[in-house]
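Counting in this note's numbering, the sequence shown runs from 223 upward without gaps.
C-beta: ideal position from N, C-alpha, C; glycine also.
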Amino acid sequence: MTSEQLFARARELIPGGVNSPVRAFRSVGGAPFFVKSAQGATITTADDRHLIDFVCTWGPAIHGHNHPRIKAAIASALENGTSFGTPNPYEVEMAELIVRFVPSIQKVRMCNSGTEATMSAIRLARGFTRRDKIIKFSGCYHGHSDSLLIKAGSGALTHGNPDSAGVPASFARETLVLPYNDAAAVEAAFLAHPGQIACIIVEPYPANVGLILPEPGYLASLRRLCTEHGALLIFDEVMTGFRLAKGGVQELVGVKPDLTTLGKIIGGGLPVGAFGGRTDVMDMLAPVGPVYQAGTLSGNPLAMAAGIAALRLLEEENPYERLATMGRQIRDTLIAATRAKGLPAQVPQTGSMFCLYFAANPIRDYATALKTDAVLFGRFFHACLAKGVYLPPSAYEACFLSTAHAGASIDQACTHMSDAIRSL
Ligand SMILES: *Cc1c(COP(=O)(O)O)cnc(C)c1O
223 MTSEQLFARA RELIPGGVNS PVRAFRSVGG APFFVKSAQG ATITTADDRH
273 LIDFVCTWGP AIHGHNHPRI KAAIASALEN GTSFGTPNPY EVEMAELIVR
323 FVPSIQKVRM CNSGTEATMS AIRLARGFTR RDKIIKFSGC YHGHSDSLLI
373 KAGSGALTHG NPDSAGVPAS FARETLVLPY NDAAAVEAAF LAHPGQIACI
423 IVEPYPANVG LILPEPGYLA SLRRLCTEHG ALLIFDEVMT GFRLAKGGVQ
473 ELVGVKPDLT TLGKIIGGGL PVGAFGGRTD VMDMLAPVGP VYQAGTLSGN
523 PLAMAAGIAA LRLLEEENPY ERLATMGRQI RDTLIAATRA KGLPAQVPQT
573 GSMFCLYFAA NPIRDYATAL KTDAVLFGRF FHACLAKGVY LPPSAYEACF
623 LSTAHAGASI DQACTHMSDA IRSL
């Protein structure tokens, strides 16, 4: 079946024809393609088109798709069974790797998605501090649990409104939504709600609204304010963990959160999540403590085997400098091409993550990201796709590189993206 036939059938059976909304191409227009296989830096559609992939399954595929070492690890685990519902040896090995690499993690609990990780970390922070309110930042995405699907109100201190039907307003009231990169707003929130704020949750580099980098000292000031006011600091490193450094953004900036959430890369392409942190906080979890959290498939042997292989490869290859070199190549290409065409553009890039905003001024938060030209991005997206380059189908998503992009793929992609910009 072609992508068109599959999508027609899918729409009859699955809401919107997709199992996760952004896949439906709503924000760039057109209909999604279906993928039948993926290898290295390339995905192959149901229509037999080969595309150079900068989505990398939304981040996990840092070694490229279907890496032989990860495949072999899954195959070997498969010989022994797919799920036991008891502790298994892989879980210990995975925990050892995470604790060794991520500076702030002393103990870790595995779960099945990033959403579960952030939801559980918030519950744990509330249980530990015996406080109800949380701070999140507009434009930061932490999965789709109720307390975290809240967008900003009009003023910095207004209570959140739910972003989704089905989230009770009474839940939303416990979530304070503030602008990113504004430490004064955080200080004001702590003063306005003394002794009530359990935690701050933040993507240290927000990467679900394009890509935003923190201003110097911002993350350190979040750390200081949490310590001063008895709240926990949660770094949501589901995206950035193991992508920019083995220890995540916390290693790069030298700021230690109390809790960290992980996902994506640590599953090697299988469904996974994890949260970890200070021993005294983590030991509040059941069965030792009063905060309940569980999972039938948590620590699943196949997912652990895949994740362990992915992390060991990162340790052996230490590919971060190579990835960053490719990231700079793309950034320079996009800047040169937009300049030649006379288009205003911002190309934030760090390591193997980048994005292209059509905007005259740097993007520092959600509000400035929303002012960028998303219609022009949609045209750029489709021009790239026509040439065989697949970018995230939204103006507000980060692009990812893998080690498999090195060589011909990256050079071809740069040529195609330049041509796409020239054609706008
Ligand atoms: C992807 C992501 C999540 C959600 O993870 P899922 O596995 O999709 O539930 C949470 N936080 C961040 C920062 C993410 O990028």
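Does DSSP put D641 in a helix, a strand or coil?
In the structure shown, D641 falls within a helical segment according to DSSP collapsed to helix, strand and coil.
Between M461 and ligand 1, is there a pair consisting of the residue's CB and a ligand heavy atom that are separated by less than 7 Å?
For M461, the shortest C-beta to heavy atom distance toward ligand 1 is below 7 Å.
In whole angstroms, give me the CA-to-CA distance for F306 and N522.
Rounded to the nearest angstrom, the two C-alpha atoms are 8 Å apart.
Reduced DSSP category for R353 - H, G, I as helix; E, B as strand; rest coil:
Here R353 sits in coil by DSSP.
Look at V424 and S360 and say whether their C-beta atoms are less than 8 Å apart.
Cβ atoms of V424 and S360: not closer than 8 Å.
So what does DSSP say about V431, is it helix, strand or coil?
For V431, the secondary structure class from DSSP, reduced to helix, strand or coil, is coil.
Chain-order list of residues whose beta-carbon lies under 6 Å from that of L556 (same chain, five-residue window excluded):
These residues qualify, in order along the chain: V569, L578.
Quick check: what's the CA-CA separation for A284 versus A453?
Inspection of the sequence shows that residue 284 is occupied by Ile rather than by Ala. Near 33 Å, if we compare the C-alpha coordinates of A453 and I284.
Closer than 7 Å: is that where the CB of T572 sits relative to any heavy atom of ligand 1?
No; taking the cut-off as 7 Å, the Cβ of T572 has no heavy atom of ligand 1 nearer than that.
At a threshold of 7 Å, does N302 count as lining ligand 1 (C-beta to nearest heavy atom)?
Distances from the CB of N302 to the heavy atoms of ligand 1 are all 7 Å or more.
Would you identify the three-state DSSP class for Y440, choosing helix, strand or coil?
Here Y440 sits in helix by DSSP.
Are the CB atoms of A420 and R348 nearer to each other than 8 Å?
Yes.
Which of the three DSSP states is assigned to L273 in this structure?
Strand, per DSSP.
I'd like to confirm something about E425: is its beta-carbon nearer than 7 Å to some heavy atom of ligand 1, or not?
Of the heavy atoms belonging to ligand 1, at least one sits nearer than 7 Å to the Cβ of E425.
Could you compute how far the alpha carbon of A253 sits from the alpha carbon of F412?
Straight-line Cα distance between these residues: approximately 45 Å.
What do you get for L227, buried or exposed, if any count of 16 or more other CB atoms within 10 angstroms of its CB means buried?
Note on residue identity: the sequence assigns Gln, not Leu, to residue 227. Per the 10 Å Cβ criterion, exposed.
Report yes if the CB atom of A429 is closer than 8 Å to the CB atom of M575, and no otherwise.
Cβ atoms of A429 and M575: closer than 8 Å.
Could you name the residues that DSSP lists as bridge partners for M575?
M575 is bridged by DSSP to T572, F622.
With DSSP run on the structure shown, which of helix, strand or coil describes K258?
Look at K258 here: in three-state DSSP terms it is strand.
What's the call for Y402, buried or exposed, on a 16-neighbour Cβ count within 10 Å?
Burial call: buried.
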